[in-house]
Amino acid sequence: MAVEQAREILLAALRGVSFGLLGDEESLTVLLALESVGRVLDGARVLSTTDVLRRSVYFDAAAAQSAAAQVSTAQVSTAQASTAQASTAQAAPTLARRLGCRSGVDLICTLARLSRAEVRQRSALGEKAGQRMLLGRPPPTPFSVKHCSVGNSGSSRRA
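Laid out in structure tokens, this is it:
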């Protein structure tokens, strides 16, 4: 609900902006503000995508427990036990399967209207940086800030 409210506030703020009529300073200020919001949103999208993919890989624990409890309370013969175990697996589908999709990637592509490549990229980022982002730790930088100065291409890195 808070995310939807933030979206509405951002849309209202941007409705009044005429980018072509902004002065140089204002234009740069808007650019930097939008970039900072974009980075927060990018991180949240990566974490959200990773979460949906995780939910689409693992069975729903609550549904699995409920189905297992039904199987354990019923007195079934050995022949019926394998059928009961198969129904337990079907009773606890993943998020993607419950929504009629073959995989989490298909689910996200369908709902968010993203390409498979974008979903895979977010997944890879989530695997590498997801826990780090959740714990509030910045990712390690590949080089120091002094190599980012104007005119230095970064090709000759000094230790």
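Following the working numbering, the numbering of the sequence shown begins with 2 at its first residue and continues without gaps.
For every residue, glycine included, the Cβ atom is placed at its ideal position computed from N, Cα and C.
Between V47 and L115, the C-beta spacing is not below 8 Å.
The DSSP-derived three-state label of V18 is coil. Assigned with DSSP and collapsed to three states, R56 falls in helix. Beyond the five residues adjoining it in sequence on each side, T50 comes within less than 7 Å, by CB distance, of I109, V120, R123, S124, G127 in the same chain, given in chain order. The alpha-carbon of I10 is positioned some 17 Å away from that of L32. Under a 10 Å Cβ-count criterion, S57 is classified as buried, with 16 or more other Cβ atoms of the shown protein chains found around its own Cβ. R117 is a Cβ neighbour of V106, given a cutoff of 8 Å.
Rounded to the nearest whole angstrom, the C-alpha separation of L23 and S104 is 45 Å.
With fewer than 16 other CB atoms across the displayed protein chains lying within 10 angstroms of its CB, V18 is exposed. Counting only residues of its own chain and dropping the five nearest sequence neighbours on each side, V38 has a CB closer than 8 Å to the CB of L11. Nearest Cα to D52 within the set L96, S28, T111: L96.
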